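Please read the structure below before turning to the comments.
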Amino acid sequence: MQTGVTDTSALQGPAERARLKILTYNIGGISGEAYPVFCDWLVRQREADIVMVQELHWGCGQSEGTWLIGKWQAVVSADPANRFCGVGIFVSPRLQAEVGFCSWIQGRLLHVRCETQKVTVDVVCLYQWAVDERQPAVNEGRRQQDFMQILQVNQLVLLNTWSLSR
């Protein structure tokens, strides 16, 4: 009789072993005190292969950039004219053979492409404009700008609730 931990990977199908796990958070701004806590959580967590974060504010800088956090690749986009936005995509080492990015709308729309020998993954992180009830035409114009940028880059079906109330 054997005792110990049972390896169940042989019981799982290939799709279950290779499943891509993505987390997304609206972090509501990241301060100098919170950044090291986020970095520590990122390198220790085992839940996700990709972590998308919205509303970084200027907690990761005032422009686009990329750097390593442990072995994770950080890619961020900020708007130097508006501190109340900012998006970031954090890619685990498992997907990092080659990482490229484009900030289509500063601080609001970031596209990251992760290419490995086995798979190419395109990740799009969008932080939509806050609704201003006093300016419905401005709200609609901003959202159309966001969507048109996405559609011009990729053939994409995009589904979400988009926090619309009618």
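Counting along the sequence shown from 1, when you hit position 144 you're at 145 in my numbering, and nothing is skipped either side.
From the three backbone atoms N, C-alpha and C, an ideal C-beta is built for every residue, glycine too.
None of these values were measured; they are calculated from a predicted model.
- Message: So within the stretch 20-93, which uninterrupted beta strand (DSSP E) runs reach at least 3 residues, ignoring any that extend past its ends?
- Response: Unbroken beta strand (DSSP E) stretches of 3 residues or longer found wholly inside the stretch 20-93: 23-27, 51-55, 66-70, 73-80, 83-92, given in chain order.
- Query: Would you report the Cα separation of VAL38 and LYS119, rounded to the nearest angstrom?
  - Reply: If I take the Cα positions, the gap works out to 33 Å.
- Query: So the beta strand (DSSP E) ARG114 belongs to, where does it begin and stop?
  - Reply: Start and end: 110-116.
- Can you give me the Cβ contacts of GLU65 inside the same chain, cut-off strictly under 6 Å, excluding the 5 residues immediately before and after it? For GLU65, where only same-chain residues beyond five positions count, the Cβ hits under 6 Å are SER78, SER104.
- Task: Determine the contact status of VAL100 and THR67, defining contact as a CB-CB distance below 9 Å.
- Result: Yes, Cβ-Cβ distance for VAL100 and THR67 is below 9 Å.
- Kindly give me the distance between the Cβ atoms of GLN97 and GLN74, rounded to whole angstroms, as I take these residues to be in contact under 8 Å. At roughly 5 Å, the Cβ-Cβ gap stays under 8 Å, so GLN97 and GLN74 are in contact.
- Message: Quick check: the Cα distance between LEU24 and GLY71, rounded to an integer number of angstroms?
- Response: The straight-line gap from Cα to Cα measures roughly 18 Å.
- Message: DSSP has VAL124 in a bridge; who is on the other side?
- Response: Partner(s): VAL113.
- Item | Pairwise C-alpha distance: ARG135 and ASP169 | Absent from the model: residue 169. The displayed extent of the chain is 2 to 167, so no value can be given.
- Task: Closer than 8 Å by C-beta to LEU43: which residues in its own chain qualify, once you throw out the five before and the five after it? Chain order, please.
- Result: The residues VAL52, ILE70, GLY71, TRP73, PHE91, in chain order, have a CB closer than 8 Å to that of LEU43 in the same chain once the five nearest residues on each side in sequence are set aside.
- For PHE85, is the classification buried or exposed, using 16 other Cβ atoms within 10 angstroms of its Cβ as the cut-off for buried? Counting Cβ neighbours within 10 Å, PHE85 comes out exposed, since fewer than 16 surround it.
- Item | Of the listed residues TYR36, ASP50, LEU21, nearest to SER93 (C-alpha basis) | Distance from the Cα of SER93 is smallest, within the candidate group TYR36, ASP50, LEU21, for ASP50.
- Query: Which same chain residues, not among the five before or five after TYR26, have their C-beta less than 8 Å away from its C-beta?
  - Reply: For TYR26, where only same-chain residues beyond five positions count, the Cβ hits under 8 Å are VAL52, MET53, VAL54, GLN55.
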